[in-house]
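Trainee: Protein sequences appear in the order of chains A and B.
Using our numbering, the letters of the first sequence map in sequence onto residues 1 to 197.
Using our numbering, the letters of the second sequence map in sequence onto residues 1001 to 1220.
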Amino acid sequence: MVSSIQSIGSPLLRRIGRRAALAGLGGGLLSGLALPARAGTLPLLPAALRRLVPPEPAPKAPFTTGAGQTRNLAAWRGDGVVLNLWATWCLPCKAEMPALDRLARIVAAAGIVVLPVSIDTGGRKAVVTFYRENRIAHLPVLLDPEGRMVTALKAPGVPTTVIIDRQGRMVGRVEGPVQWDASSSVALLRKLVGAAS
Amino acid sequence: MPDMRWASGVRLPRRGLAGLLAGVALSAGLPLPAVAGFPPGSDVAGDLPPLAFTMRRSSDGKRVTEADYRGDVVVLYFGFTRCPDVCPLTLHNMAEILRRMGQSAVRMRVLFVTVDPAHDTLPRLKNYLAGFGPPPEIDGLRGSSAELAALAKRYFVQYRAPTGPGSPDPVSAITHTSYVYAFGPHGRVRDLLAGVGGPGVDFAAMAAGFDRLAQTAGGS
Chain A
1 MVSSIQSIGS PLLRRIGRRA ALAGLGGGLL SGLALPARAG TLPLLPAALR RLVPPEPAPK
61 APFTTGAGQT RNLAAWRGDG VVLNLWATWC LPCKAEMPAL DRLARIVAAA GIVVLPVSID
121 TGGRKAVVTF YRENRIAHLP VLLDPEGRMV TALKAPGVPT TVIIDRQGRM VGRVEGPVQW
181 DASSSVALLR KLVGAAS
Chain B
1001 MPDMRWASGV RLPRRGLAGL LAGVALSAGL PLPAVAGFPP GSDVAGDLPP LAFTMRRSSD
1061 GKRVTEADYR GDVVVLYFGF TRCPDVCPLT LHNMAEILRR MGQSAVRMRV LFVTVDPAHD
1121 TLPRLKNYLA GFGPPPEIDG LRGSSAELAA LAKRYFVQYR APTGPGSPDP VSAITHTSYV
1181 YAFGPHGRVR DLLAGVGGPG VDFAAMAAGF DRLAQTAGGS
């Protein structure tokens, strides 16, 4: 859907700005799924972020892919990482997922990855169903049904998100949903993870 | 005992609830032996009244009271399904504790009492709870405003209703401190457990504690 907007390239689109157009589209998509009626109503990252100064080592807890392979964060050293703990029973988690999906596409070229890790005990099936029903196209299926990442991060609830820089250090965390695709959120994220080497 | 004056719509400050816990521990008289595995100071046996309620159950819509749960270990948690900001992990962690209990989990009844009955209809509750585990071990309770107020008042649960989609967590002290009420098999309140929704839950210890409580349920 997003790529089709880009390919239209209409003068109208250029005038109102791609972000506004995405917000409009996102609003339509979201309201059909009983998520917040208007996109752009979640907090922005500059307001929601808690900086970690000094940075802390990223957690070593493993998680599994939808294909059943075990991974941990060391695999992404050199990239910036947005690690998002969530669950399909968590309303604010679901509310921010479309924004995370859009973020993933926006920052992919900059070597920043979005890793949503679900703690659903329903596992892969619950996540895949949710992604399909909400047309999440750019996010991996990652699972932590035993909540090891919750423990490692001392997450008080979901959603909890940590930002990891290219050196593998946690530089910020957020509790609660964020409008990840807003320009101020994206700009701050780029700054936090540092320049690509 | 700290002043526990109940007034609907008034938030109980967190310190007040901690004060309750401290007050309860001090006024407990002859201390009961602690349930091994539960945190020290969580015993409230004799200080809160026995389980009593009338509500509808989400798994089958049946009207139930405490009599339907004689012989089981009942765990009450007060919450609502549409957390606006951060969703507590209490139910999720309780489900994990049940998994670690093994066989004695069959005596457990984790009952999620909605403080938002206007939004949390029986089908919504049932659907929500299905994500954590099946009945009868995990189930939902929904009452009228009066039935909810009676149960909440009985256990000093503060909440504010109605809730809107953007409203703050209506169960102020309770959810933030994640108190879970554990009742022994004869409906007598046994433990008030804090931190079940938080990080760093000692699952092994909690499972062992509930195992012990469940084993006292005997063969009824």
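Glycine included, C-beta positions come from ideal geometry on N, C-alpha and C.
Treat the numbers as computed from the prediction; the structure is a model and nothing was measured.
Report the start-end ranges of each beta strand (DSSP E) in the region 86-145 of chain A that is 3 residues or longer and not cut off at the edges.
Mentor: The region 86-145 of chain A contains these whole beta strand (DSSP E) runs: 112-118.
Trainee: Taking the straight line between their C-alpha atoms, what separation do you get for Arg-1124(B) and Gly-194(A)?
Mentor: About 44 Å.
Trainee: If you reduce the DSSP assignment to three classes, tell me which class Glu-1137(B) lands in.
Mentor: Coil.
Trainee: Would DSSP call Asp-1191(B) helix, strand or coil?
Mentor: Asp-1191(B) falls in the strand class under three-state DSSP.
Trainee: Between Asp-1085(B) and chain A, is the shortest Cβ-Cβ distance under 7 Å, so that the two count as touching?
Mentor: So yes, Asp-1085(B) belongs to the interface.
Trainee: Once you ignore the five residues that flank Thr-88(A) on each side, which residues in its own chain have a CB closer than 6 Å to its CB?
Mentor: The residues are Asp-120, Ala-126, Phe-130.
Trainee: Would Glu-133(A) count as contacting chain B if we go by Cβ distances under 7 Å?
Mentor: Output row for Glu-133(A): interface = no.
Trainee: Quick check on this structure: which residue in Glu-175(A), Cys-93(A), Ile-164(A), Gly-66(A) has the alpha carbon closest to the alpha carbon of Ala-199(A)?
Mentor: A question about residue 199(A) goes unanswered here, because the residues of chain A that appear run from 1 up to 197.
Trainee: Return the bridge partner residues of Pro-57(A) from the DSSP annotation.
Mentor: In the DSSP output, where bridge partners are listed per residue, Pro-57(A) has Arg-169(A).
Trainee: What residue range does the alpha helix (DSSP H) around Val-150(A) cover?
Mentor: Looking at the DSSP string, the run of the alpha helix (DSSP H) that includes Val-150(A) is 148-153.
Trainee: Do three or more CB pairs link the region 1086-1096 of chain B to the region 1053-1064 of chain B at distances below 8 Å?
Mentor: With a cut-off of 8 Å, the region 1053-1064 of chain B and the region 1086-1096 of chain B do not count as touching, because too few Cβ pairs lie within range.
Trainee: Nearest chain B C-beta to Ala-61(A) closer than 7 Å, yes or no?
Mentor: For Ala-61(A), the answer is no, since every Cβ of chain B falls outside 7 Å of its Cβ.
Trainee: In this structure, how does DSSP classify Arg-1070(B) when only helix, strand and coil are distinguished?
Mentor: Coil.
Trainee: Just to confirm my understanding: we take Leu-25(A), look at its own chain, exclude 5 residues before and 5 after, and list those with CB closer than 6 Å. What are they?
Mentor: Confidence is the limiting factor: at Leu-25(A) the pLDDT is only 38, short of 50, which leaves the residue's position unreliable, though a coordinate-based value still follows. Around Leu-25(A): no qualifying Cβ.
Trainee: Taking only the alpha-carbon atoms, compute the straight-line gap between Asp-1072(B) and Phe-1112(B) and give it to the nearest angstrom.
Mentor: So the alpha carbons of these two residues sit roughly 15 Å apart.
Trainee: Tell me the DSSP secondary structure of Gly-1079(B) in three-state form.
Mentor: Gly-1079(B): strand per DSSP, three-state reduction.
Trainee: Hey, does Ala-155(A) have any beta-carbon neighbour from chain B nearer than 7 Å?
Mentor: At least one chain B Cβ lies under 7 Å of Ala-155(A).
Trainee: Below 7 Å on C-beta distance, what does Arg-1142(B) contact in chain A?
Mentor: The premise fails here: Arg-1142(B) is roughly 17 Å from chain A at the closest Cβ pair, so nothing lies under 7 Å.
Trainee: Against Trp-76(A), what residues of chain B qualify as contacts under a CB-to-CB distance less than 7 Å, listed in chain order?
Mentor: Ordered by position in chain B, no residue passes the 7 Å Cβ test against Trp-76(A), which lies about 23 Å from the chain.
Trainee: Taking Arg-148(A) as the reference, which of Thr-70(A), Leu-44(A), Cys-93(A) has the closest Cα?
Mentor: Arg-148(A) has its Cα closest to that of Thr-70(A), out of Thr-70(A), Leu-44(A), Cys-93(A).
Trainee: Could you check if Asp-1120(B) is buried or exposed, using at least 16 other CB atoms within 10 Å of its CB as the buried criterion?
Mentor: Asp-1120(B) comes out buried.
Trainee: Within 10 angstroms of the Cβ of Ala-109(A), are there 16 or more other Cβ atoms? Answer buried if so, exposed if not.
Mentor: With fewer than 16 Cβ atoms within 10 Å of its Cβ, Ala-109(A) is classed as exposed.
Trainee: Are there 16 or more other CB atoms within 10 angstroms of the CB of Glu-96(A), so buried, or fewer, so exposed?
Mentor: With 16 or more other Cβ atoms within 10 Å, it is buried.
Trainee: Can you check whether the C-beta of Met-149(A) is within less than 7 Å of a C-beta belonging to chain B?
Mentor: Judged by the 7 Å Cβ criterion, Met-149(A) is not in contact with chain B.
Trainee: DSSP three-state call for Arg-51(A): helix, strand or coil?
Mentor: Reduced to three states, the DSSP call for Arg-51(A) is strand.
Trainee: Classify Gln-1215(B): buried if its beta carbon has 16 or more other beta carbons within 10 angstroms, exposed otherwise.
Mentor: It counts as exposed.
Trainee: Return no unless some Cβ of chain A is closer than 7 Å to the Cβ of Arg-1100(B).
Mentor: No, Arg-1100(B) lies away from the interface with chain A (no Cβ there is under 7 Å from its Cβ).
Trainee: With DSSP as the reference, identify every bridge partner of Pro-1084(B), one or two as the case may be.
Mentor: Looking at the DSSP assignment, Pro-1084(B) forms no beta bridge with any residue, so it has no partner.
Trainee: Report the neighbours of Ala-1095(B) on chain A: residues whose CB is nearer than 9 Å to its CB, in chain order.
Mentor: Thr-121, listed in chain order.
Trainee: In the structure shown, what three-state DSSP assignment does Arg-217(A) receive?
Mentor: For chain A, the structure presents residues 1 to 197; residue 217(A) sits outside this window and is missing.
Trainee: Got a sec: which bits of the region 84-114 of chain A sit with their beta carbon under 8 Å from any beta carbon on chain B, in order along the chain?
Mentor: If the cut-off is 8 Å between Cβ atoms, the region 84-114 of chain A has Ala-87, Thr-88, Trp-89, Cys-90, Leu-91, Pro-92, Cys-93 near chain B.
Trainee: Using a C-beta cutoff of 7 Å, does Val-158(A) count as contacting chain B?
Mentor: Answer yes: the Cβ-Cβ gap between Val-158(A) and chain B drops below 7 Å somewhere.
Trainee: Is the shortest distance between the beta-carbon of Leu-1089(B) and the beta-carbons of chain A less than 7 Å?
Mentor: So yes, Leu-1089(B) belongs to the interface.
Trainee: For Ala-1182(B), report the span of its beta strand (DSSP E) as first-last.
Mentor: Unbroken beta strand (DSSP E) run through Ala-1182(B): 1180-1183.
Trainee: Applying the 10 Å Cβ sphere with the 16-neighbour rule, what's the burial state of Arg-1107(B)?
Mentor: Per the 10 Å Cβ criterion, buried.
Trainee: Might you give, ordered along the chain, the residues of its own chain that have their beta carbon closer than 6 Å to the beta carbon of Arg-1100(B), omitting 5 neighbours on each side?
Mentor: Taken in chain order, the residues that qualify are Phe-1203, Ala-1207.
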